[in-house]
Each structure stands twice: as structure tokens, then as C-alpha cells.
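*Asks:*
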Amino acid sequence: MSGKLQGRTILVTGASQGVGARVAKTYAQEGATVVLVGRSRKKLESVYDEIAAAGGSEPFAVCLDLLTAEEKEFAQLAETLAESAGSRLDGIVHCASYFYALSPLDFQTVAEWVNQYRINTVAPMGLTRALLPLLKNAPDASVLFVGESHSEKPQAYWGGFGASKAALNYLCGVAADEWSRFDNLRANVLVPGAVNSPQREKTHPGESSAERRSLDDIMPQFVYWAGAESRGRSGEIVYL
1447 MSGKLQGRTI
1457 LVTGASQGVG
1467 ARVAKTYAQE
1477 GATVVLVGRS
1487 RKKLESVYDE
1497 IAAAGGSEPF
1507 AVCLDLLTAE
1517 EKEFAQLAET
1527 LAESAGSRLD
1537 GIVHCASYFY
1547 ALSPLDFQTV
1557 AEWVNQYRIN
1567 TVAPMGLTRA
1577 LLPLLKNAPD
1587 ASVLFVGESH
1597 SEKPQAYWGG
1607 FGASKAALNY
1617 LCGVAADEWS
1627 RFDNLRANVL
1637 VPGAVNSPQR
1647 EKTHPGESSA
1657 ERRSLDDIMP
1667 QFVYWAGAES
1677 RGRSGEIVYL
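Residue numbers for the sequence shown follow the working numbering, beginning at 1447 and rising by one.
#1: Let me check one thing: in DSSP terms, what residues is Asn-1634 bridge-paired to?
#2: I'd like to confirm the pairing. Which residues does DSSP put opposite Ile-1538 in its beta bridges?
#3: Look at the alpha carbon of Trp-1559 and the alpha carbon of Asp-1552, and state the distance between them as a whole number of angstroms.
#4: Please list the segments of the alpha helix (DSSP H) lying wholly inside the segment 1455 to 1513, counting only runs of 4 or more residues, in order along the chain.
#5: On the three-state DSSP scale, how would you describe Tyr-1685?
#6: Does the pairing of the segment 1609 to 1627 with the segment 1581 to 1594 give three or more beta-carbon distances under 8 Å?
#7: Please name the residue or residues paired with Arg-1659 in a DSSP beta bridge.
#8: Relative to the alpha-carbon of Ser-1676, which residue among Ser-1448, Asp-1586 and Pro-1550 has its alpha-carbon at the smallest distance?
#9: Less than 9 Å between the C-beta atoms of Val-1508 and Val-1469, yes or no?
#10: For Gln-1554, which residues from the same chain have a beta carbon less than 8 Å from its beta carbon, with the 5 sequence-adjacent residues on both sides left out?
#11: Return yes when the Cβ of Ile-1538 is within less than 9 Å of the Cβ of Asn-1615, no when it is not.
#12: Glu-1517: buried (16+ other C-beta within 10 angstroms of its C-beta) or exposed?
#13: Please state if the CB of Arg-1485 and the CB of Leu-1523 are separated by a distance shorter than 9 Å.
#14: Would you check if the distance between the CB atom of Thr-1455 and the CB atom of Ala-1478 is smaller than 9 Å?
#15: What residue range does the alpha helix (DSSP H) around Phe-1520 cover?
#16: In angstroms with no decimal places, state the Cα-to-Cα distance between Ala-1602 and Pro-1550.
#17: Check whether the Cβ atoms of Ala-1515 and Gly-1572 sit closer than 9 Å, and answer yes or no.
#18: Just the C-alpha distance for Glu-1519 and Thr-1574, rounded to the nearest angstrom, thanks.
#19: Per DSSP, what kind of secondary structure is Asp-1629 in: helix, strand or coil?
#20: Quick check on Asn-1561: does DSSP put it in helix, strand or coil?
#21: Could you tell me if Ser-1533 is buried or exposed, where buried requires 16 or more neighbouring beta carbons within 10 angstroms of its beta carbon?
#22: Tell me whether the beta-carbon of Thr-1459 lies closer than 9 Å to the beta-carbon of Gly-1466.
#23: Tell me the rounded alpha-carbon separation between Ser-1462 and Leu-1513.
#24: Identify, in the order they occur along the chain, each residue of the same chain with its Cβ nearer than 8 Å to the Cβ of Glu-1496, setting aside the five sequence neighbours on each side.
#25: In the structure shown, what three-state DSSP assignment does Arg-1677 receive?
Here's what the structure looks like:
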């Protein structure tokens, strides 16, 4: 590893498995201090131990259920980070995602739509809002939202999940526009595509693993967009 994220503190949601876990491990290998956020303590501890065993900077682990979290919980997290990790945060990667199943609209429920919006759109807004003062204190802060191709290309059966991810794209665009007056803040959407992850296995059950890329294949892009090399680029939707 090249140490491209040396000295940075980056928070990763959904860090207990899949893309989030791999991003957290890769960032730690690149020199970052990673804040692991997820709802499963056991899985977070496993990722924490792997990072520590690999010789990376000691991470922070925070159990937080994004499905139920409100302003109070987000504010408490921001306060805890300010006290334990310092007065600045160099980035956020919103990997946490909620998906039920592919189905026609007449089979989808209001509760399913609400819960998918809750984690895929509302939680990234609430968490970013709470951590914004810490991001502003960083010389170069990058906020990344992990998107989905169906957010731009509506297709049958993707309903609430695709709509919530479309709203995530809009959230990123709003943040990028509002932050354009700050030369140290940026926001972008990264779309992983067909990769070997738990979510891909749920959305494409008939697809073989040989048809997907490994998570390692897309990690250089995640490092680039979190590091100094991509400074000045904001408001983009990037297909990896």
C-alpha cells in the first residue's frame, strides 16, 4: 500500500460487511484512522480485529442502528468523535444500505419504502449534517455516497430501493452545490456495479460469482476519491 490516506480520519457506515468492511480495511492499510459504524457489534469487532492484526492504525468502532437513529444519536456520535478522534474528520463513506427484495409495486409496502429511504437517504443526510462541523475543520474532506445504477435508470421491480438511491444522488448534488463555496469540502457518488457483495447476491441471485468483479478491483477508486488526488472534483456520479 502507498499510504495515500496517511493521517486522515474517515468514518465508514455499513462497515461490518461487504463493501463497507472492505473499504474500512483498505483505508486502514492506506494509513487512515477508520471509524467503523454498523449495527452488529460482533461483526464490527471482527473487522476491528482484522485491521489491528494487519498493523493498521487502531480504529474506532461505533454500534449505531441507522434505521432508528434520530438527531440525538447523530449528535452524540459527532460529540464522541470530537472528544476521542480529534476536532476534525477527513471523510465519510456512506456504505450502509437497506434492500428488501425485487418485486412489482403492487407487492411493495409503505413500510418497506420508508425503511429503505430511512437508511439509504435519510441516515446519510442526518449523519453528514451532524458531522459537518468536523468536516469543515479538515483541510480536505471528502464525503462519498455509495450509489446504484438503477437510481438513474428506472426499471421494473426496483421500486423503493431504486427510488431511495435516486434520492441519495439528489442529496449528494445538493451537498456539492452548497459546499461549492468551501474549497476543502466535496461530495460524490460512487456506483460499484457488479461486485461480489452480500447485497449483489440478494439483488441478482441467479448471477454467478464469476460474472462479478472482486471488491479489491474497485478499492483503488475508493482510495482515489477519498484522498488528495481527487481534490476539486465534486458533485459527480462515478461508475466504478
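Just so it is clear, CB atoms sit at the ideal spot from N, CA and C, and this is done for glycine as well.
*Replies:* In this structure, then:
#1: Partner(s): Leu-1590.
#2: The partner list for Ile-1538 (beta bridge, DSSP) reads Leu-1457 and Val-1589.
#3: Going by the C-alpha atoms only, they are around 12 Å apart.
#4: Fully contained in the segment 1455 to 1513 are the following alpha helix (DSSP H) runs of length 4 or more, in chain order: 1464 to 1475 and 1487 to 1499.
#5: For Tyr-1685, the secondary structure class from DSSP, reduced to helix, strand or coil, is strand.
#6: Contact holds between the segment 1609 to 1627 and the segment 1581 to 1594, because three or more Cβ pairs, one in each stretch, are under 8 Å apart.
#7: The partner list for Arg-1659 (beta bridge, DSSP) reads Val-1641.
#8: Taking the Cα of Ser-1676 as reference, the smallest distance to any Cα among Ser-1448, Asp-1586 and Pro-1550 is reached at Asp-1586.
#9: No. Outside cutoff.
#10: Same-chain partners within the cutoff: Tyr-1546, Gly-1605 and Gly-1606.
#11: The answer is no: Cβ separation not under 9 Å.
#12: Exposed, by the Cβ-count rule.
#13: No, these two residues do not count as a Cβ contact at 9 Å.
#14: It is a contact, given that the beta carbons lie within the stated cut-off.
#15: Start and end: 1517 to 1530.
#16: The alpha-carbon atoms of Ala-1602 and Pro-1550 are separated by roughly 7 Å.
#17: Going by beta carbons, Ala-1515 and Gly-1572 fall inside the 9 Å limit.
#18: Inter-residue distance for Glu-1519 and Thr-1574 is about 13 Å (C-alpha atoms, whole angstroms).
#19: Coil.
#20: DSSP places Asn-1561 in helix when its eight states are reduced to three.
#21: Looking at its Cβ environment, which holds fewer than 16 other Cβ atoms inside 10 Å, Ser-1533 is exposed.
#22: Using a Cβ distance threshold of 9 Å, Thr-1459 and Gly-1466 count as a contacting pair.
#23: Note on geometry: alpha-carbon atoms of Ser-1462 and Leu-1513 lie some 15 Å from one another.
#24: Once the five neighbours on either side are set aside, the close Cβ partners of Glu-1496 are Lys-1471.
#25: The three-state secondary structure of Arg-1677, taken from DSSP, is coil.
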